[in-house]
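One structure is given below, encoded as structure tokens.
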Amino acid sequence: MADFDKESFKKDVINNVKNLFRKTIDEATQEQVFQAVSYAVKDHIIDRWIATQKAYEEKNAKTVYYLSMEFLMGRALGNNMINLTCYEQVKEALAELGFDLNVIEDQEPDAALGNGGLGRLAACFLDSLATLNYPAYGCGIRYRYGMFKQAIENGYQIEKPDNWLKNGNPFEVKRPEYEVEVKFGGYVATECREGKNYFVHKDYQAVRAIPYDLPIIGYGNNVVNTLRIWDAEPVQEFNLNSFDKGEYQNAVEQANLARNIVEVLYPNDNHYSGKELRLKQQYFFVSASVQRAILKFKENNADIHDLPNKVTFQLNDTHPTVTVAELMRILVDEENLEWDDAWDITCRTCAYTNHTIMAEALEKWPIDLFQKLLPRVYQIVDEINRRFVLKIEDMYPGNQDKVRSMAILYDGQVKMAHLAIAGSYSVNGVAKLHTEILKKRELRDFYEMRPEQFNNKTNGITQRRFLLHANPLLADWATKKVGDGWITDLPVLEGLKKYATDKKAQKEFMDIKYKNKVRLAEYIKEHNGIDVDPNSIFDVQVKRLHEYKRQQLNILHVMHLYNELKANPDMDFEPTTFIFGAKAAAGYKTAKLTIKLINSVADVINNDKSIKGKIKVVFIENYRVSNAEIIFAAADVSEQISTASREASGTGNMKFMLNGAVTLGTMDGANVEIVEEVGKENAFIFGLSAEEVMKYEKDGGYYPMDIYNSNPKVKKVLDQLVDGTYSNGDKELFRDLYDSLVMKDVYFTLKDFDSYADAQKRVNKAYKDKANWAKMVMLNTACAGKFSSDRTIEEYAQEIWKLEKVEVTL
Ligand code: 26Q
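Structure below.
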């Protein structure tokens, strides 16, 4: 970074420690130094932030508002320094002050305002938008408590509150001047003025929405975009004396509403729960974001009809879908547009991304709950639905099936996906296979009605965080081989292909992998107290715990392998460390029991001297963005083993690939495209195809009992769930897992078992051929270019948002 002066940076840090903590630098704790360094870095951000926003305003550039209930940002300091291109300079400055930058970075809590894939994708998108010079806001909620911290006690998951704001957030800026009011409850009255009917919202409860802005720094281009997260404050602090009884009650309720609404992130991943508070959260941040966006638009534009030319609201799944109705409310009630006019603008301003085909994740709100909480918005949804149903009937006269499958209001429910599709000009899936399944099955009727609305945008990840920051050794190596162009143009890594068969390069690459494995081994020793051998295969499955992701298949196979080794201790087998990391939604019983099983299996196997440490099982506690960065860099094998057709895309798969791990996976989600890029000879693919799975489902499933009865290996591991092998003799502990596998096996775990075990064998054998293994993993890194979120965002920007790049000079 050109405007970085090491000596003045050191002075800034020393001064910040004084001002913030009344201490000299040698008295300060590492955490205090973290704060001081962050403020010193913020000094370099702020002028760029102001300049960027000025440049956008001058150009009156079209802006995308990425509306998301989740932004899984992780830590900011390291990423901010990377993107300002001052990481090495700060490292040196701190070393001269006697501090280790790694230790300083470790002081920062993760901003875990998300569950998993969907939230992390939003974070990667913000990084790419800023890096590609696109005007964008992320809009979300400033949860007081983010994703819970996971502790493992006696093998069980315990959830601990994540008080991430405890010591303040040095990078955020409160913007009280931009507060807006959001209204809940009450009723709608009609008033007639000058011959026109007006809808007036009465007797409501209001909260003040207060924005906090976080800087999103583009890589080396002076761009600083904004992630705006909304806090809630009560409209009036209630004063015991100044209210009559009714007013007092209302004041208390309003204050409680403000307190509750932003209190905590719902920790459900890919699972809908129809909680009223969740709907309050959705409307709260949507209404605040849309109101603010319209106010800003009107500052620079005279005609509201220009809105679609200047603004897109991108809906991150159905969670912010109420945007469609809220925008209608503002256009009709506040801008006084006619319905058709308003609807035309709305449908050209909103766009929707679908992230899941899992039926249990579809949002459907009971009409009475929705109507009571949002009476005016509900009236609008009702009218949208009335007109939409007319359109369906017009297209398919007399076909009630179509109405049943497509209506927004049906069976006493508000179907959020249907509202999102009806009110959007674009509907996209997140990987080719996923989009095809949406078109052919899940959303077939909508596709048939308006095929041009549907498109695919295969997900991506940011190489700035997941290679440049997470894996500095490999990043430096790649830069030495092909230059640093890959940092903003990932396909440049293709230049590495020619080194894949080069003996010297192979050794360099594998030495780096080894060092990263040592780093992870040290982390595991420190956090789990388990010794693992960096020479063993690191086989890794890290992701949210969900039955469809099939951690059960993985652990059942580990149990099987252990049986084999016990029976045949001299079996030809490359030592393997099976690494798991996963949080289970707090109310998801089967998922929590699976965590207990993994830990129980780990206990038995890790303490059995007879297998000479050939298998180790490690469950990494509290998997999150910051330790993910260490884990991906150290992996040899990437477990992507979802039931085909269930994982919309996956993005962990891309992070492993980029860091030189081979995929062991099903033909699901983006795995299909990974294999397309790297070649099937450089991946280990197994299991039913999506088509086969869907055919079984159509025909009512299959009989897992047949497999149990005919496959002795499978029978043995299943029996071990209920014979006390992994539960100190307790035959009931894992009974529910046994029952659901043997009776139903909804996720085809037994069906895919043999094929998975065979793929594992192929992996183990392939690892022995050092030269070929090196070639395979190097080709994975070299072929990861497609999976940059820069590519994804260019596609969104050109094909959906129609954005133009804005240059920023200081
Ligand atoms: C819904 C209603 C009430 C409470 C919670 C929810 C909820 C919360 C989170 C529903 C779904 C989610 C998260 C979904 C998710 O992360 N989907 C993943 O999105 C990734 C990015 O596109 C894909 O790569 C994954 O395949 C997909 O599972």
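Heads up, the sequence shown is in UniProt numbering, so the first residue is 1 and it goes up one at a time. Glycine included, each C-beta is placed from N, C-alpha and C at the ideal position.
- The C-alpha of LEU97 is placed about 40 Å away from the C-alpha of LYS805.
- Note: ASP213 is bridge-paired with VAL173, ARG228 in the DSSP secondary-structure output.
- For LEU277, the distance from the CB to the nearest heavy atom of ligand 1 is not below 8 Å.
- In this structure TYR187 is in contact with LYS202, their Cβ atoms being roughly 6 Å apart against a cut-off of 8 Å.
- Unbroken beta strand (DSSP E) stretches of 3 residues or longer found wholly inside the segment 638-718: 662-665, given in chain order.
- For TYR178, there is no enclosing alpha helix (DSSP H), since its DSSP letter is neither H nor E.
- Three or more pairs of CB atoms, one per stretch, sit closer than 8 Å, so the segment 430-438 contacts the segment 663-671.
- In this structure, ALA407 lies away from THR318, with their beta-carbon atoms at least 9 Å apart.
- If you check the C-beta of ASN115 against ligand 1, you find a heavy atom less than 8 Å away.
- Within its own chain, no residue has a Cβ closer than 6 Å to the Cβ of ALA771 once the five positions on either side in sequence are excluded.
- When distances are taken from the beta-carbon of SER638 to the heavy atoms of ligand 1, even the shortest one reaches 8 Å or more.
- The Cβ atoms of PHE619 and LYS655 lie no closer than 9 Å to each other.
- Residue pairing by DSSP places PHE578 opposite ASP539, VAL617 in a beta bridge.
- In this structure, PHE297 sits near ASP306, with a CB-CB distance shorter than 9 Å.
- Short note on HIS355: C-beta closer than 8 Å to some heavy atom of ligand 1.
- Remark: C-beta atoms of LEU561 and ILE630 do not approach each other more closely than 9 Å.
- Taking every protein chain shown into account, the CB of THR24 has fewer than 16 other CB atoms within 10 angstroms, so this residue is exposed.
- When C-beta atoms of the segment 136-143 are compared with those of the segment 218-235, three or more pairs fall below 8 Å, so the two segments count as touching.
- Shown here for GLN413: same chain residues with a beta carbon closer than 8 Å to its own, the five before and five after excluded, namely LYS364, TRP365, PRO366, ILE367 in chain order.
- Counting C-beta pairs with one atom in each stretch, the segment 708-727 and the segment 543-560 have three or more that are closer than 8 Å, which means they touch.
- Our two residues, THR356 and ALA690, have alpha carbons roughly 14 Å apart in a direct line.
- Looking at the DSSP output, GLU191 bridges to TYR198.
- Closest in alpha carbon position to ILE82, among ARG464, LYS616, GLY495, is ARG464.
- By the neighbour-count criterion, in which 16 or more other beta carbons inside 10 Å mark a residue as buried, VAL200 falls on the exposed side.
- DSSP places CYS139 within a strand segment (E or B) once states are collapsed to three.
- Taking the CA atoms as reference points, LEU443 sits about 48 Å from ASN535.
- ARG646 counts as buried, since no fewer than 16 other beta carbons sit within 10 angstroms of its beta carbon.
- Counting along the chain, the unbroken alpha helix (DSSP H) around ASN516 starts and ends at 503-528.
- Looking at the DSSP output, LEU373 sits in no beta bridge, so it has no partner there.
- In the displayed model, PRO569 falls within coil according to three-state DSSP, outside both helix and strand.
- Runs of the alpha helix (DSSP H) lying entirely within the segment 453-505 and spanning at least 4 residues, in chain order: 472-482.
- In this structure, ASN260 sits away from ARG48, with a CB-CB distance that is not shorter than 9 Å.
- For CYS86, the three-state secondary structure derived from DSSP is coil.
- In the structure shown, GLY185 adopts coil according to DSSP, grouped into three states.
- Put simply, of ASN15, TYR283, MET1 the residue whose alpha carbon is nearest the alpha carbon of TRP230 is TYR283.
- Nearest neighbour of MET395 by Cα position, chosen from LEU373, ASP445, ARG441, turns out to be ASP445.
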